[in-house]
């Protein structure tokens, strides 16, 4: 995945820049910053599962609630790999929400909420 390193600016800016993700490019940094931590904590119950497990309804799940393509024999994931998977999946949902409700663009909290429910 190609990432660009932004230059930190403003009060409290970190000297260590974080990469711009697919989700941030799709939604904007502010909306992505709202959505990603919320979904990861909600979906995984606050614990990231690197090894596949059966969720409460018996679906093979991994990372932060990822079920797409997960099986009992899926390899152990890294925290970085989980973050990339979540980022890409949320970006896909964010695009669908934007196509269905274009008026949400620029309304970061509402867009993040609608995407999290997708």
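Residue numbers (our numbering): 19 to 136.
For each residue, glycine too, the CB sits at the ideal point set by N, CA and C.
Query	Result
Whole-angstrom distance between residue 91 and residue 113, CA atom to CA atom	31 angstroms
Own chain, CB closer than 6 angstroms to residue 57, minus 5 neighbours either side, in chain order	134
Proximity test, residue 134 beta-carbon vs the ligand MG heavy atom, cut-off 7 angstroms	With respect to the ligand MG, the structure offers nothing, as it holds no ligand at all.
Alpha carbon of residue 83 to alpha carbon of residue 71, nearest angstrom	10 angstroms
Euclidean distance between Cα positions of residue 74 and residue 65	15 angstroms
Cβ-based neighbour list, residue 126, same chain, cut-off 8 angstroms, excluding 5 preceding and 5 following	45, 46, 48, 49 and 52
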